[in-house]
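Visitor: First the structure, which I've put down as structure tokens, then a few questions once you've had a look.
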Amino acid sequence: MADVQSKPFDASLLRRGTHKAPLSQFLMWLLPWFALLGFGMFASFLCFKYGLNQTGLDNRFAFGLWIFLDLAMIAFGAGAFFSGFLLYVLKRHELKELINSAVVMGFICYSGAIAVLVVDVGQPIRAWFTFYHPNVHSMLAEVTVCITCYLIVLLIEYIPIMLKHRKLKSIPQLLVFEFELHKLMVVFASIGTFLSFFHQGSLGGLYGVLYGRPFAYREGFAIWPSTFFLFILSAIAVGPSFLILMTTFVRKLTRKRLVGHVSYIFLARLSGWLLIVYVLAKSIDTLIWLNRTAPAVGFLGFDFYTQPEFGTWILFAEIALFGLLPGMMLISKKVHQSMPLMITAAILACVGVAINRYVMTIQTLALPTLPFEGFASYMPSWQEVGAFLSVLAYGVILFSLSYRYLSLYPREKELG
Amino acid sequence: MKTERIGNTRYGMAVDVDLCTGCGSCMVACAIENNTSVTPPEGGPNRGLTWMRVYRANNGKAYPDADTAYFPVMCQHCDHHTPCVMVCPQNAIDIDSENGIVSTIPQRCFGCRYCMTACPYHARYYDWWDPVWPKEMEKTLSPDVSPRMRGIVEKCNFCHGRWQRARAKAAANGEREIPPGEYVTACSECCPSGAITFGNILDEKSEVGKLVRSERAFRLMEDVGSSPKVYYLTSRQWVREMCDSLPGSGDEVTHG
Chain V
1 MADVQSKPFD ASLLRRGTHK APLSQFLMWL LPWFALLGFG MFASFLCFKY
51 GLNQTGLDNR FAFGLWIFLD LAMIAFGAGA FFSGFLLYVL KRHELKELIN
101 SAVVMGFICY SGAIAVLVVD VGQPIRAWFT FYHPNVHSML AEVTVCITCY
151 LIVLLIEYIP IMLKHRKLKS IPQLLVFEFE LHKLMVVFAS IGTFLSFFHQ
201 GSLGGLYGVL YGRPFAYREG FAIWPSTFFL FILSAIAVGP SFLILMTTFV
251 RKLTRKRLVG HVSYIFLARL SGWLLIVYVL AKSIDTLIWL NRTAPAVGFL
301 GFDFYTQPEF GTWILFAEIA LFGLLPGMML ISKKVHQSMP LMITAAILAC
351 VGVAINRYVM TIQTLALPTL PFEGFASYMP SWQEVGAFLS VLAYGVILFS
401 LSYRYLSLYP REKELG
Chain Y
417 MKTERIGNTR YGMAVDVDLC TGCGSCMVAC AIENNTSVTP PEGGPNRGLT
467 WMRVYRANNG KAYPDADTAY FPVMCQHCDH HTPCVMVCPQ NAIDIDSENG
517 IVSTIPQRCF GCRYCMTACP YHARYYDWWD PVWPKEMEKT LSPDVSPRMR
567 GIVEKCNFCH GRWQRARAKA AANGEREIPP GEYVTACSEC CPSGAITFGN
617 ILDEKSEVGK LVRSERAFRL MEDVGSSPKV YYLTSRQWVR EMCDSLPGSG
667 DEVTHG
């Protein structure tokens, strides 16, 4: 996608005034991703045809790589709803130049996560039963409803971006539709924010309510365990960091300035402060859990960390090294002036939240609960890895196509 | 999510760990009674479809002080905030308010496996393969129990097919309640050492009622608060101490 001066073959479809790579070069860039997509789809096909015996999962490790990565991906995708909320509801116009890319990223993260979940369940054709026979007490029912509704909202938010394409804009009816839709965007952004807040929270609640798993179980407020709130907080903290990373990645790839530095600073500061608040809340929650929740059911908190694979180092890494440190970095003015430092901090923040999701999903299941059973281990199969890689490939392909043909970065032309 | 309780029947089990020899007959009886399909050899120990699993625990001492205890573990039919019932997104798991039996609706389950992560007893099993039996074994299938399809979660339901038969028989005799002893599970019926006793635990006069109230009785992970209806009995101090201690303090060896 390198910048070249010659007119690409598909120039009539490109945004006016922007320079894009020749079509052949663009297709060459897409080719390996299509290959990866094909590989992943084959892996998914095996899971559909032969069942989940194709995975490394078992009766002890009922959730594995897919759920962990889904949770992480959805946290990263929080940049979409949170940016929408800040822009349309709180009128923070610094995000105007980023919102389109954030929506596309959010759409990719959410739709990708749903695609993986379809492979992950044993009888996907019965997934609609959750709407027909919902268990209102189940966090997973809440997750399913919110994720489905939010994906629809994301799609609605994606439509105006597509309708801004120069070919579609030439159709007057679509132009009017896009204009009217844009006026309603504050409504969709608010609905999206509400749904996504609930959805992120329910994902946290998914493990927090498991009182049979004292490692995961947390006390909370009303019907929600503390993880409900911590997941929301961590997602909105890491979402802007992920946006910094993705925008930088696209900038490096296209060798273009896509957004002003002010936007990066705004995102960094936002991510940093939220991360600090999250780390504080997480630390309080951990102390309550170690000193009250776990002892109430016969565990001394640090007993959970006797396995070398999951020693106290992981707690330290999650809270201090990949939580507090990037939080402090992201609010530092010195870091704001140095892109490499800002990117390092954003990477640390994303890794921190990924560790949190890993701990909640994988460590919870690895630890024994019965007195006469041992520590469980799990290794994902190539089919699991392949199915997930196909989502990555799908994301890259969709983002590349959106970048090429749609206006993801409105200031691209100006900053060129 | 509170469990509604109607009537004076709560089916439960008492497993005498001191009597259990770990022979695995209960597992075989369970599999035959409930049409549990045969797991292919590549399934390994953690993908077996066994509604019952016998765990072995050692006291960690050398001969002559070495001692072993066997724990047949099946669904504990938790009575309070039943972990699996609470989390199932589409109400595919149900606790019968009249007798406390926790059962799964296989046709409604979509195999999300959330219940498996919620269950602290690892008593729920996923159908990793299509249900198949060696040709000759198909003749032994019970006509009262539907085989389950691939991609769902199943577990012990206290031989629900037997409960239905007993209830039908009681109804035919004009009785509203199933008479004591008319309904027993396959595992308790076939245990050669008589280690498993099944019945209404609310009935203090019944054998199981007396056993669960004895000083020897305890429940696994009682502190968690799910109020399981399967009790274990032992007079051996190290077994009690192990069960009161932290997870992973025993030496796990399992059948199945």
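Going down the list, the protein sequences come from chains V and Y.
Going by the working numbering, the first residue of the first sequence is number 1, and it counts up by one from there.
Going by the working numbering, the first residue of the second sequence is number 417, and it counts up by one from there.
The C-beta atom is built at its ideal place from N, Cα and C for all residues, glycine as well.
1) Counting contacts by CB-CB distance shorter than 7 Å, is residue 198/V in contact with chain Y?
2) Along chain V, in chain order, which residues have C-beta atoms closer than 8 Å to that of residue 639/Y?
3) Determine the burial state of residue 259/V: buried for a count of at least 16 other Cβ atoms within 10 Å of its Cβ, exposed for fewer.
4) Excluding sequence positions up to five away, which residues of its chain have a Cβ less than 8 Å from the Cβ of residue 158/V?
5) 7 Å is my cut-off, CB to CB: does residue 138/V come that close to chain Y?
6) Below 8 Å CB to CB, which residues in the same chain sit around residue 244/V once its five sequence neighbours on both sides are set aside?
7) Compute the Euclidean distance between the alpha carbons of residue 408/V and residue 387/V, then round it to the nearest angstrom.
8) Thinking residue 147/V and residue 109/V are a contact (beta carbons under 8 Å), I'd like their distance in whole angstroms, please.
9) Let me know the alpha helix (DSSP H) ranges lying completely inside the segment 50–127 of chain V, each 4 residues or longer, listed in chain order.
10) So the candidates are 661/Y, 454/Y, 420/Y and 657/Y; which of them puts its Cα closest to the Cα of residue 553/Y?
11) Kindly indicate if chain C contains any beta-carbon less than 7 Å away from that of residue 58/V.
12) In chain Y, which residues lie with their C-beta within 8 Å of the C-beta of residue 134/V?
13) The alpha helix (DSSP H) with residue 263/V in it runs from where to where?
14) What number of angstroms, rounded off, separates the C-alpha of residue 14/V from the C-alpha of residue 20/V?
15) By the 10 Å Cβ neighbour count, where 16 or more other Cβ atoms means buried, how is residue 379/V classified, buried or exposed?
16) Go through its chain and collect everything with a Cβ distance to residue 509/Y's Cβ below 7 Å, but skip five positions before and after it.
17) How many angstroms separate the CA atom of residue 46/V from the CA atom of residue 383/V?
18) Check whether the Cβ of residue 599/Y lies closer than 7 Å to any Cβ atom in chain V.
19) With a 10 Å radius around its C-beta and 16 neighbouring C-beta atoms as the bar for buried, classify residue 432/Y as buried or exposed.
20) Does the structure place the segment 62–73 of chain V close enough to the segment 168–188 of chain V that three or more beta carbon pairs sit under 8 Å?
21) Buried or exposed: which applies to residue 301/V, given that a residue is buried once 16 or more other Cβ atoms fall within 10 Å of its Cβ?
22) Hey, would you say residue 139/V sits closer than 7 Å to residue 209/V, going by beta carbons?
23) How many angstroms separate the CA atom of residue 187/V from the CA atom of residue 152/V?
24) Taking Cβ positions only, does residue 118/V come closer than 7 Å to chain Y?
25) So residue 652/Y packs on residue 485/Y, CB below 8 Å; how close in whole Å?
26) Strictly below 8 Å CB to CB, what residues from chain Y border residue 358/V?
27) Tell me the residue span of the alpha helix (DSSP H) that contains residue 581/Y.
28) Along the segment 631–663 of chain Y, where does the CB come closer than 9 Å to a CB of chain V? Name the residues.
29) Helix, strand or coil: which one does DSSP assign to residue 429/V?
30) Following the continuous beta strand (DSSP E) through residue 649/Y, name the residue where it begins and the one where it ends.
31) Give me the subset of the segment 102–127 of chain V whose CB atoms are less than 9 Å from a CB atom of chain Y, sorted by chain position.
32) Between the C-alpha atoms of residue 119/V and residue 625/Y, what's the straight-line distance to the nearest angstrom?
33) Give the interface partners of residue 141/V over in chain Y, defined as CB-CB distance under 8 Å, in chain order.
34) Who does residue 422/Y pair with in a DSSP beta bridge?
35) Which residues of the segment 367–380 of chain V have a Cβ closer than 9 Å to any Cβ of chain Y? Give them in chain order.
36) Using a C-beta cutoff of 7 Å, does residue 590/Y count as contacting chain V?
Guide: With the structure as the only source:
1) no
2) 296, 297 and 298
3) buried
4) 103, 104 and 107
5) yes
6) 264, 267, 268, 271, 342, 343 and 346
7) 27 Å
8) About 11 Å separates the two Cβ atoms, so there is no contact after all.
9) 65–76, 78–84 and 99–120
10) 454/Y
11) This model lacks chain C altogether; the protein chains it does include are V and Y.
12) 505, 506 and 507
13) 261–288
14) 8 Å
15) exposed
16) 500, 501, 518, 520 and 531
17) 8 Å
18) no
19) buried
20) no
21) buried
22) yes
23) 13 Å
24) no
25) 7 Å
26) None at all; the shortest Cβ gap to chain Y is about 15 Å.
27) 576–588
28) 636, 637, 638, 639, 640, 641, 642, 658, 659, 660, 661, 662 and 663
29) No answer is possible for residue 429/V: the residues shown for chain V start at 1 and end at 416.
30) 646–649
31) 117, 120, 121, 122, 123, 124, 125, 126 and 127
32) 46 Å
33) 505 and 506
34) Answer is none; residue 422/Y lacks a bridge partner.
35) 367, 368, 369, 370, 371, 372, 373, 374, 375 and 376
36) no
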